[in-house]
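**Student:** One structure, as structure tokens, below. Some questions next.
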Amino acid sequence: MIFRIADHGMEVVLPDTVDWERVLPAFKPFRCDSLAASETICSVRVVEQPVDVESDSVEVLKEEPGLFGYWFCLMESVNNYIVDFQFTEGGLRYRMITSKTFSTATVYVDCKDKFADRVLSLFLMITFGQTAVLHDTFLIHASAVENDRKGYLFLGKSGMGKSTHSALWMRYVEGTDLLNDDNPAIRVTKDGDVNVWGTPWSGKTPCYKNRKAPLKAMVRLAQAPFNRFTWKTGVDALTALLPSCLSMRWDESLYNRLCNLMEMVMGKVKIGYLECLPDKEAALLCYQELKVL
């Protein structure tokens, strides 16, 4: 199957016995019949047999409990990256082995497992998010809204109120629509335009829209007992943006490409900082600052 995400092709090969709509329900709006080979940036093959990698042949780059689930581990061998993931304590362990550019990957997951849809979606997000930076695109942890045919992103740590702020816009700012609530994609075109795209990865909110909007601003949120908006530039803007990007800081070529993309985006898109309460006034203050862009 081919899925078109941010106007890039992603090929997914599943076992013949697996119903793709059951294990990839969020991908339905992104399914397409065919794409030119030049438009397909990555290919993922799903198999249901486990595979072993000798422990002394890999280097552990990141091991973190609580990331995406119960346990997450990123490893590197001579030719590959290996991602191990466990959704619950004592549960099945899943594995993905990718090329160094993430353009090809093999995912080992039991598609009959109750968590198969979430685990498979996570592996596809990692694969797409890393290889996309080589094609002028990156995923960002944010909530994205559209208003007056323009796109706006709200950034911040988990629990900071991104979804709440988007909901306030939709309630109090006329004409606002949710584009994605967790991991939209930012793509820079050959002409230098910057667009935000909906993706199959929208967190707990089922918002899977295969469309784009010109990105006009990104706003980092911080909880406060008052509402105050300021614009950020230079290093301050980079500091507001970088923590929200899905990046491989261990891979010099991928990370350098991401940094170059962020520099291009910051030259076109304004970045703000909103200290706020979760209320109507915060949404209207933010809208007043952004609507003139």
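The working numbering puts the first residue of the sequence shown at 22, with every later residue one more than the last. Beta carbons are placed, not taken as given, at the ideal position from N, Cα and C, and that holds for glycine. Keep in mind it's a predicted model, so treat the numbers as computed, not measured.
Tell me the DSSP secondary structure of V154 in three-state form.
**Tutor:** Correct three-state label for V154: helix.
**Student:** Whole angstroms are fine: how far does the CA of V39 sit from the CA of I292?
**Tutor:** Spanning the two alpha carbons is a distance of roughly 44 Å.
**Student:** Check the DSSP bridge columns for C280 and list the partner residues they point to.
**Tutor:** DSSP lists no partner for C280.
**Student:** Indicate whether the contact test is met: 3 or more Cβ pairs, each with one atom in the segment 157-170 and one in the segment 220-240, closer than 8 Å.
**Tutor:** Judged by Cβ distances under 8 Å, the segment 157-170 makes contact with the segment 220-240, as three or more pairs qualify.
**Student:** Can you list, in chain order, the residues of its chain whose CB lies under 8 Å from that of A47, leaving out five sequence neighbours each side?
**Tutor:** Result list for A47: S142, P221, W222, S223, P227, Y229, in chain order.
**Student:** With a CB to CB cut of under 6 Å and the five nearest residues on each side skipped, what residues in its chain are close to V33?
**Tutor:** Closer than 6 Å at the Cβ level, and outside the excluded window around V33, lie M22, V65.
**Student:** Helix, strand or coil, according to DSSP, for H186 in the structure here?
**Tutor:** The answer is helix: DSSP assigns H186 an H, G or I state.
**Student:** In chain order, what residues of the same chain have a beta carbon less than 7 Å from the beta carbon of L155, not counting five sequence neighbours either side?
**Tutor:** Answer for L155: T122, R278, listed in chain order.
**Student:** T127 and V81 - do their beta-carbons sit closer together than 8 Å?
**Tutor:** Cβ atoms of V81 and T127: not closer than 8 Å.
**Student:** Report yes or no: do the segment 239-258 and the segment 168-187 share at least 3 C-beta pairs separated by less than 8 Å?
**Tutor:** Yes, since at least three Cβ pairs between the segment 239-258 and the segment 168-187 fall closer than 8 Å, the two stretches touch.
**Student:** I'd like to know whether the C-beta atoms of L263 and L174 end up nearer to each other than 8 Å.
**Tutor:** Taking 8 Å as the Cβ cut-off, L263 and L174 do not qualify as a contacting pair.
**Student:** Do T152 and P8 count as a contact pair if the criterion is CB distance below 8 Å?
**Tutor:** No statement about residue 8 is possible, as the shown extent of the chain runs from 22 to 314 and does not include it.
**Student:** Go ahead and pull the three-state DSSP assignment for A303.
**Tutor:** The answer is helix: DSSP assigns A303 an H, G or I state.
**Student:** May I ask which residues mark the beginning and end of the beta strand (DSSP E) holding R25?
**Tutor:** Where R25 is concerned, the enclosing beta strand (DSSP E) stretches over 23-26.
**Student:** Excluding five sequence neighbours on each side, which residues of the same chain lie with their C-beta closer than 7 Å to the C-beta of P50?
**Tutor:** Excluding sequence neighbours, P50 sits near Y229, K230, N231.
**Student:** Which residues bound the alpha helix (DSSP H) around W92?
**Tutor:** Counting along the chain, W92 falls outside any alpha helix (DSSP H), though it belongs to the beta strand (DSSP E) covering 92-97.
**Student:** For the segment 92-179, list the alpha helix (DSSP H) runs that are entirely contained and at least 4 residues long, ordered along the chain.
**Tutor:** Runs found: 137-152.
**Student:** Determine the DSSP secondary structure at A47, reduced to helix, strand or coil.
**Tutor:** DSSP places A47 in helix when its eight states are reduced to three.
**Student:** Below 8 Å on the Cβ atoms is my contact criterion, and I expect F136 with F108 to pass it. Report the Cβ-Cβ distance as a whole number of Å.
**Tutor:** Right, the Cβ-Cβ distance comes to about 5 Å (below 8 Å), so this counts as a contact.
**Student:** If I'm right that N204 touches L259 with Cβ under 8 Å, what's the distance once you round it to whole angstroms?
**Tutor:** With 8 Å as the limit, N204 and L259 do not qualify as a contact, their Cβ atoms being about 20 Å apart.
**Student:** Checking the sheet assignment: what are the DSSP bridge partners for M285?
**Tutor:** Its beta-bridge partners do not exist; DSSP assigns none.
**Student:** Closest by CA to Y91, which one among D202, A261, F106, L35?
**Tutor:** Answer by Cα proximity: F106.
**Student:** For L200, report the span of its beta strand (DSSP E) as first-last.
**Tutor:** L200 -> beta strand (DSSP E) spans 197-201.
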